[in-house]
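Student:
Number of protein chains: 2
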Amino acid sequence: MKIRTMVMMALVAGGIALGVRVSIAHPKPATADILRQLESDFMEAAAERGAEGYMSYYAEDAVEVPNGADAIHGKTNIASTMSFLNDKNNQLVWTPVYADISASGDLGYTSGTYEFRSKHQDGKTTVEHGKYTSIWKKQKDGSWKVVLDMGNASPRK
Amino acid sequence: MKIRTMVMMALVAGGIALGVRVSIAHPKPATADILRQLESDFMEAAAERGAEGYMSYYAEDAVEVPNGADAIHGKTNIASTMSFLNDKNNQLVWTPVYADISASGDLGYTSGTYEFRSKHQDGKTTVEHGKYTSIWKKQKDGSWKVVLDMGNASPRK
Numbered sequence: 474m475k476i477r478t479m480v481m482m483a484l485v486a487g488g489i490a491l492g493v494r495v496s497i498a499h500p501k502p503a504t505a506d507i508l509r510q511l512e513s514d515f516m517e518a519a520a521e522r523g524a525e526g527y528m529s530y531y532a533e534d535a536v537e538v539p540n541g542a543d544a545i546h547g548k549t550n551i552a553s554t555m556s557f558l559n560d561k562n563n564q565l566v567w568t569p570v571y572a573d574i575s576a577s578g579d580l581g582y583t584s585g586t587y588e589f590r591s592k593h594q595d596g597k598t599t600v601e602h603g604k605y606t607s608i609w610k611k612q613k614d615g616s617w618k619v620v621l622d623m624g625n626a627s628p629r630k
Numbered sequence: 474m475k476i477r478t479m480v481m482m483a484l485v486a487g488g489i490a491l492g493v494r495v496s497i498a499h500p501k502p503a504t505a506d507i508l509r510q511l512e513s514d515f516m517e518a519a520a521e522r523g524a525e526g527y528m529s530y531y532a533e534d535a536v537e538v539p540n541g542a543d544a545i546h547g548k549t550n551i552a553s554t555m556s557f558l559n560d561k562n563n564q565l566v567w568t569p570v571y572a573d574i575s576a577s578g579d580l581g582y583t584s585g586t587y588e589f590r591s592k593h594q595d596g597k598t599t600v601e602h603g604k605y606t607s608i609w610k611k612q613k614d615g616s617w618k619v620v621l622d623m624g625n626a627s628p629r630k
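Protein chains in written order, with my numbering: chain X, 474 to 630; chain R, 474 to 630.
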């Protein structure tokens, strides 16, 4: 203990002598850019790997809040509604418009618009427009996952 | 500088001698109970003071993300869509089901179900069921405000 005390005192004194602020290291404040990057990676994963890629960004205890249906609890139950992403005729793209993150960098959200394009057997493509909000939470392993996602409809264009 | 150094060294040494962790004081971690209480106050304000009471919980730069319409930016524009709350025949009640807050206690969300009850001239009451997610952010003055609110429809009962 004595050695530790001396070492700490020496470090404090040394820090002050060198004009270094003696404080616990403060990492750079988190910015919502983390979440915008995640959204981009998330969309790429969905485009490349379908439902599995999409769901890889969801937390185990995530909640999906779909329009016109009851909330769905848990990644497994949500995944069972996402197989349409495995059909290459379907494409889901989205654009975050709003994003914010907590000062502690552990909770944040993105919100924006989405387009669901579906190519039909007759060769025609339909596009459904909507809006979404996703809540992102940093997990124990340091990864960010969606813990809640909600969608609603945009006006018909 | 010398006196400061000595004082700091004494504090560090004293802290270690007393078995006290030498660290910056940590306030109690924020819990989502703050947001559940806010939701209760928010609903009471809307019931008692109509649109003005409801809007008093919105930040100036808030965004409303309504179902079937484009996002609405800013408290003034959102307020212009809320006058239906001034009609005592209308009642909006909601129940938070999910809530979480950041470790830093500056950002959080609530999500749950709502009921919009409307009493018509023929004496009949209609009830519309839906779901919502609200993002709450602590403002510079220490108050909590809704910075984003989104709604969608529940299945017809």
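Where is the CB? At the ideal position from N, CA and C, for every residue including glycine. Small disclaimer: the values here were computed from a predicted structure and weren't measured.
Is the stretch 592-610 of chain X touching the stretch 619-628 of chain X, taking contact as three or more C-beta pairs under 8 Å?
Tutor: Verdict: yes, contact present.
Student: Can you tell me whether DSSP reads Arg-494(R) as helix, strand or coil?
Tutor: Bear in mind that a pLDDT of 48 at Arg-494(R), under 50, signals an unreliable position, so the number given afterwards is only what the model happens to contain. Residue state, collapsed to three classes: coil.
Student: Report yes if the CB atom of Ala-524(R) is closer than 7 Å to the CB atom of Ile-574(R), and no otherwise.
Tutor: Cβ atoms of Ala-524(R) and Ile-574(R): not closer than 7 Å.
Student: Could you tell me if Ser-553(R) is buried or exposed, where buried requires 16 or more neighbouring beta carbons within 10 angstroms of its beta carbon?
Tutor: Under this definition Ser-553(R) is an exposed residue.
Student: Please state the DSSP three-state secondary structure of Met-623(X).
Tutor: Reduced to three states, the DSSP call for Met-623(X) is strand.
Student: Inspect the CB distances between the stretch 540-549 of chain X and the stretch 511-519 of chain X and report whether three or more fall short of 8 Å.
Tutor: They do not touch, by the three-pair rule.
Student: In terms of alpha-carbon separation, which member of Lys-592(X), Ile-608(X), Ser-577(X) lies closest to Ala-503(R)?
Tutor: It is Ser-577(X).
Student: Please confirm whether Trp-609(R) and Gly-581(R) have their CB atoms less than 7 Å apart.
Tutor: For Trp-609(R) and Gly-581(R), yes; Cβs fall inside 7 Å.
Student: Under 7 Å Cβ-Cβ, which residues of chain C neighbour Ala-505(R)?
Tutor: Chain labels in this structure do not include chain C; the protein chains are X and R.
Student: So for Ala-542(R), helix, strand or coil by DSSP?
Tutor: Residue state, collapsed to three classes: coil.
Student: Which whole-angstrom value describes the C-beta separation of Ala-518(X) and Tyr-530(X), a residue pair presumed to lie in contact below a C-beta threshold of 8 Å?
Tutor: About 7 Å; that satisfies the 8 Å criterion.
Student: Quick one: complete beta strand (DSSP E) runs, 3+ long, within the stretch 529-576 of chain X?
Tutor: Runs of the beta strand (DSSP E) inside the stretch 529-576 of chain X: 531-538, 563-574.
Student: Which same chain residues end up closer than 7 Å to Arg-629(R) when comparing Cβ atoms and leaving out the 5 residues on each side of it in sequence?
Tutor: Cβ within range, chain order: n/a, list empty.
Student: Interface residues of chain R around Asn-540(X) at Cβ under 8 Å?
Tutor: Per Cβ cutoff of 8 Å: Asn-540, Asn-625, Ala-626.
Student: Which bits of chain X does Leu-558(R) rub up against, with CB to CB less than 8 Å?
Tutor: By Cβ distance, chain X contributes nothing, its closest Cβ being about 20 Å from Leu-558(R), past 8 Å.
Student: May I ask you to list, following chain order, the residues of the stretch 573-584 of chain R that have a beta carbon less than 9 Å from some beta carbon of chain X?
Tutor: Per Cβ criterion, the list reads Asp-573, Ile-574, Ser-575, Ala-576, Ser-577, Gly-578, Asp-579, Leu-580, Gly-581, Tyr-582, Ser-584.
Student: Which residue's Cα is closest to the Cα of Tyr-587(R): Val-619(R), Asp-614(R), Leu-565(R)?
Tutor: With distances taken between Cα atoms, Tyr-587(R) lies closest to Leu-565(R).
Student: What is the DSSP secondary structure of Gly-523(R), reduced to helix, strand or coil?
Tutor: Gly-523(R): helix per DSSP, three-state reduction.
Student: Any residues in the stretch 601-614 of chain R with a beta carbon nearer than 8 Å to a beta carbon of chain X? Which ones, in chain order?
Tutor: Within the stretch 601-614 of chain R, the residues whose Cβ lies closer than 8 Å to some Cβ of chain X are Lys-604, Thr-606, Ile-608, Lys-610, listed in chain order.
Student: Go ahead and pull the three-state DSSP assignment for Ser-513(X).
Tutor: Here Ser-513(X) sits in helix by DSSP.
Student: Rank Gly-526(R), Thr-549(R), His-593(R) by C-alpha distance to the C-alpha of Asn-559(R) and give the top, closest one.
Tutor: That would be Gly-526(R), whose Cα lies nearest to the Cα of Asn-559(R).
Student: What in chain R is Cβ-close to Tyr-544(X), meaning under 7 Å?
Tutor: Strictly speaking, residue 544(X) in this sequence is Ala, with Tyr absent from that position. Within chain R, the residues near Ala-544(X) are Lys-604.
Student: Could you check whether the Cβ of Tyr-531(R) sits closer than 7 Å to any Cβ belonging to chain X?
Tutor: So, not an interface residue.
Student: Among Thr-583(R), Arg-522(R), Asp-579(R), Pro-539(R), which has the Cα closest to the Cα of Ser-556(R)?
Tutor: For the residues Thr-583(R), Arg-522(R), Asp-579(R), Pro-539(R), the minimum Cα distance to Ser-556(R) belongs to Arg-522(R).
Student: Taking all protein chains shown into account, decide if Thr-598(X) is buried (16 or more other Cβ within 10 angstroms of its Cβ) or exposed.
Tutor: Counting Cβ neighbours within 10 Å, Thr-598(X) comes out exposed, since fewer than 16 surround it.
Student: Residues in the same chain with beta-carbon distance under 8 Å from Ile-507(R), minus the five sequence neighbours each way, listed in chain order, please.
Tutor: Excluding sequence neighbours, Ile-507(R) sits near Ile-574, Gly-578, Gly-581, Trp-617.
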